[in-house]
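Visitor: Numbering (numbering that gives the first Met the number 0), first residue to last: 0 to 326. Glycine included, C-beta positions come from ideal geometry on N, C-alpha and C.
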Amino acid sequence: MIDLLALTLAGEEPASPCGENAKLRWQWLGEGLFEICPLHGYQRAVVISAGIHGNETAPIELLNQCVGEILAGTRPLAVRLLVVLGNPPAMRAGKRYLTSDMNRMFGGRYAQFEPSGETARAQQLEQAISAFFAGESAARFHFDLHTAIRESCLPRFGLLPFQQCPYSAEMLALLDAAALDAVVIHQAPGGTFSHFSSEQMQAASCTLELGKARPFGSNDLQQFADIHQALRAFISAAPLPPRTQRPMRVFRVAQSLIKRSEAFKLYLSNDTANFTELVQGTLLCEQPGEVYRVQHDTEWILFPNPAVALGLRAGMMLIEVPRNTLF
Ligand SMILES: O=C(O)CCC(=O)N[C@@H](CCC(=O)O)C(=O)O
Ligand SMILES: [Zn+2]
């Protein structure tokens with residue numbers, strides 16, 4: 000049986016590039032690109048990606064488990080599914096990226112980066128997703144699975160790419176069932192994989208942050224049981240599990256902190272968790288010609304990282320908005 004993760008980590012290919020059983024057919028489309036299609040019809044075309052950042056291993060292990068269950072026939076597949084392991088060389092190296100952050104390159108932005116394995120891969124992934132959705136009349140979805148560098152006061156959350164049209168109710172129902180603590184709405188276009196699939200493929204897309212990034216073999220996949228269960232139900236077209244947790248909180252990005260100078264200074268300790276609350280007036284970061292203080296009564300910090308490359312996001316400031324902004 001195919002072990003997608005083992006093959007990818009070994010830099011190998013399956014003995015045969017495609018196969019079929021009584022229920023489905025599968026095809027290896029290239030390194031980290033694997034399509035599975037049910038033989039008896041489907042109503043959804045779904046891309047699930049992980050490993051766009053090579054050191055975010057739990058979602059990769061989770062996705063590999065899903066593929067194993069589908070191929071073994073222990074999990075029925077009711078959708079056309081494209082599985083993407085985003086950055087195999089970075090996965091093998093246990094690094095977020097080797098040259099540049101691929102999740103800033105989508106929507107053709109790779110052309111603005113120094114050419115590298117990652118610029119080529121981002122372009123290849125765009126082509127793979129375009130080919131997957133080309134002429135597809137079923138409802139389109141893309142879930143891009145990540146884990147975060149820091150601990151988080153709200154450990155599991157989704158990031159919705161900026162879009163003009165309402166977010167898909169089916170996707171929001173899945174996020175709700177996946178026991179996420181929060182959802183964050185982007186207010187501007189960006190170079191993320193989920194923004195690309197939303198804007199250019201008209202897919203209902205979301206980045207999912209499922210916990211803290213740890214090396215392969217150090218993840219307790221039990222902590223990811225809720226998202227695993229919800230995704231399994233979604234791709235089997237089974238009823239979603241009922242939510243038993245408190246309602247999801249909804250945030251929107253109030254400000255992206257862009258690092259414009261090597262003198263960029265972030266006034267937060269290294270152990271400040273994501274979704275830490277900061278009060279109005281707090282001095283947060285400084286660089287020549289720019290000082291950022293918390294503007295609203297309360298703002299929540301997300302992904303603070305002063306080590307990013309120049310021109311990239313070094314953090315986001317969020318404000319909480321009413322749930323009916325989305326639901
Ligand atoms: O922990 C961090 O600092 C980053 C975790 C991560 O990779 N997050 C994604 C979010 C993508 C989005 O904004 O939709 C990223 O930064 O690429
Ligand atoms: Zn990530």
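Is LEU112 near ligand 1, in the sense that its beta carbon is under 7 Å from a heavy atom of that ligand?
Guide: Position 113 of the sequence shown holds residue 112. With the sequence shown as reference, residue 112 is identified as Phe, and Leu is not the correct amino acid for it. No, Cβ of PHE112 sits at least 7 Å from all heavy atoms of ligand 1.
Visitor: Taking all protein chains shown into account, decide if THR7 is buried (16 or more other Cβ within 10 angstroms of its Cβ) or exposed.
Guide: The residue you call residue 7 lines up with position 8 of the sequence shown. Counting Cβ neighbours within 10 Å, THR7 comes out buried, since at least 16 surround it.
Visitor: Do VAL293 and THR281 have their C-beta atoms closer together than 8 Å?
Guide: Locating residue 293 in the sequence shown gives position 294, where the first residue counts as 1. Locating residue 281 in the sequence shown gives position 282, where the first residue counts as 1. Their beta carbons are under 8 Å apart, which means VAL293 touches THR281 by this criterion.
Visitor: Out of curiosity, what's the CA-to-CA distance linking PRO58 and GLU19?
Guide: Within the sequence shown, the letter at position 59 stands for residue 58. Within the sequence shown, the letter at position 20 stands for residue 19. Between PRO58 and GLU19, the C-alpha separation is close to 26 Å.
Visitor: Counting only runs that start and end within the stretch 7–95, where is the beta strand (DSSP E) found for 3 or more residues in a row?
Guide: Counting whole runs of 3 or more residues, the stretch 7–95 contains the beta strand (DSSP E) stretches 17–19, 23–29, 32–37, 43–49, 79–84.
Visitor: Taking just the CA atoms, how far does LEU265 sit from SER99?
Guide: The count along the sequence shown starts at 1 and reaches residue 99 at position 100. The count along the sequence shown starts at 1 and reaches residue 265 at position 266. SER99 and LEU265: Cα-Cα distance of roughly 21 Å.
Visitor: Could you work out which residue in GLY189, VAL45, LEU153, GLU198 is closest to PRO165 when comparing CA atoms only?
Guide: Sequence index remark: in the sequence shown, residue 165 carries index 166 (1-based). Among GLY189, VAL45, LEU153, GLU198, the Cα nearest to that of PRO165 belongs to GLU198.
Visitor: Should ARG155 and ASP180 be called a contact, given that it needs their Cβ atoms to be closer than 8 Å?
Guide: Within the sequence shown, numbered from 1, the residue matching residue 155 stands at position 156. Within the sequence shown, numbered from 1, the residue matching residue 180 stands at position 181. Against a cut-off of 8 Å, the Cβ pair of ASP180 and ARG155 comes out as a contact.
Visitor: Indicate whether the contact test is met: 3 or more Cβ pairs, each with one atom in the stretch 185–198 and one in the stretch 208–226, closer than 8 Å.
Guide: Result no; under three Cβ-Cβ pairs closer than 8 Å.
Visitor: Along the chain, where does the alpha helix (DSSP H) that runs through MET101 open and close?
Guide: Taking the first residue of the sequence shown as position 1, residue 101 is located at position 102. Neither: MET101 is in no alpha helix (DSSP H) and is coded neither H nor E.
Visitor: Below 7 Å, is the gap between the Cβ of ARG149 and the nearest heavy atom of ligand 1?
Guide: Reading the sequence shown from its first residue, position 150 is the one you call residue 149. Under cutoff, so the answer is yes.
Visitor: Taking DSSP as the reference, what is the three-state secondary structure of ARG139?
Guide: As a position in the sequence shown, residue 139 is number 140, starting the count at 1. Strand, per DSSP.
Visitor: Give a single yes or no on whether ASN323 has its beta carbon closer than 7 Å to a heavy atom of ligand 2.
Guide: Within the sequence shown, the letter at position 324 stands for residue 323. Checking the Cβ of ASN323 against ligand 2 gives no.
Visitor: Starting from MET170, follow the alpha helix (DSSP H) in both directions and report where the run begins and ends.
Guide: In the sequence shown, the residue the question calls residue 170 occupies position 171. Taken as a continuous stretch (DSSP letters only), the alpha helix (DSSP H) holding MET170 covers 168–176.
Visitor: For THR146, I'd like the list of residues in its chain whose CB is within less than 7 Å of its CB, leaving aside the five on either flank, ordered along the chain.
Guide: Here residue 146 corresponds to residue number 147 of the sequence shown, with the count starting at 1. The answer, listed in chain order, is GLU55, ALA57, PRO58, GLU208, LEU209, GLY210, LYS211, ALA212.
Visitor: With a threshold of 16 other CB atoms inside 10 Å of the CB of ALA313, please say whether the residue is buried or exposed.
Guide: Against the sequence shown, residue 313 aligns to sequence position 314. With 16 or more Cβ atoms within 10 Å of its Cβ, ALA313 is classed as buried.
Visitor: For HIS141, verify whether its CB is less than 7 Å away from any heavy atom of ligand 2.
Guide: For this step, residue 141 is matched to residue 142 along the sequence shown. HIS141 Cβ: outside cutoff for every heavy atom of ligand 2.
Visitor: Counting only the same chain and skipping the five closest in sequence on each side, list residues whose C-beta sits under 7 Å from that of ARG242.
Guide: In the sequence shown, counting from the first residue as 1, residue 242 sits at position 243. Closer than 7 Å at the Cβ level, and outside the excluded window around ARG242, lie ASP175, ALA176, ALA178.
Visitor: Tell me whether SER196 counts as near ligand 1, meaning its Cβ is closer than 7 Å to at least one heavy atom of that ligand.
Guide: Here the question's residue 196 lines up with position 197 in the sequence shown. No, the Cβ of SER196 stays beyond 7 Å of every heavy atom of ligand 1.
Visitor: I need the straight-line Cα distance from ASN63 to LEU220, nearest angstrom please.
Guide: Translated into the one-based positions of the sequence shown, residue 63 becomes position 64. Translated into the one-based positions of the sequence shown, residue 220 becomes position 221. Cα to Cα, ASN63 sits roughly 12 Å from LEU220.
Visitor: What do you reckon, are the CB atoms on GLU298 and LEU267 nearer than 8 Å?
Guide: Here residue 298 refers to the residue found at position 299 of the sequence shown. Here residue 267 refers to the residue found at position 268 of the sequence shown. Not in contact: GLU298 and LEU267 (Cβ atoms no closer than 8 Å).
Visitor: If you compare alpha carbons, which of ALA202, ALA138, ALA232, PHE263 is closest to LEU342?
Guide: The question about residue 342 has no answer here: the residues shown for the chain are numbered 0 through 326.
Visitor: Is it true that the CB of ALA138 sits closer than 8 Å to the CB of GLN42?
Guide: Working through the sequence shown from its first residue, we reach residue 42 at position 43. Working through the sequence shown from its first residue, we reach residue 138 at position 139. A contact, by the Cβ cut-off of 8 Å.
Visitor: From SER260 to ALA306, what does the alpha carbon distance come to, in whole angstroms?
Guide: Mapped onto the sequence shown, residue 260 falls at position 261. Mapped onto the sequence shown, residue 306 falls at position 307. In a straight line, the C-alpha of SER260 is about 11 Å away from that of ALA306.
Visitor: Counting pairs of beta carbons, one from the stretch 74–85 and one from the stretch 167–174, are three or more of them closer than 8 Å?
Guide: The stretch 74–85, when compared against the stretch 167–174, does not touch it at the 8 Å Cβ threshold.
Visitor: Does the distance between the C-beta of ASN304 and the nearest non-hydrogen atom of ligand 2 fall short of 7 Å?
Guide: The sequence position of residue 304 within the sequence shown is 305, counting from 1. Flag unset: Cβ of ASN304 not near ligand 2.
Visitor: Under the criterion of a Cβ to heavy atom distance below 7 Å, does THR275 qualify as lining ligand 1?
Guide: Translated into positions along the sequence shown, residue 275 becomes position 276. No, the beta carbon of THR275 sits no closer than 7 Å to any heavy atom of ligand 1.
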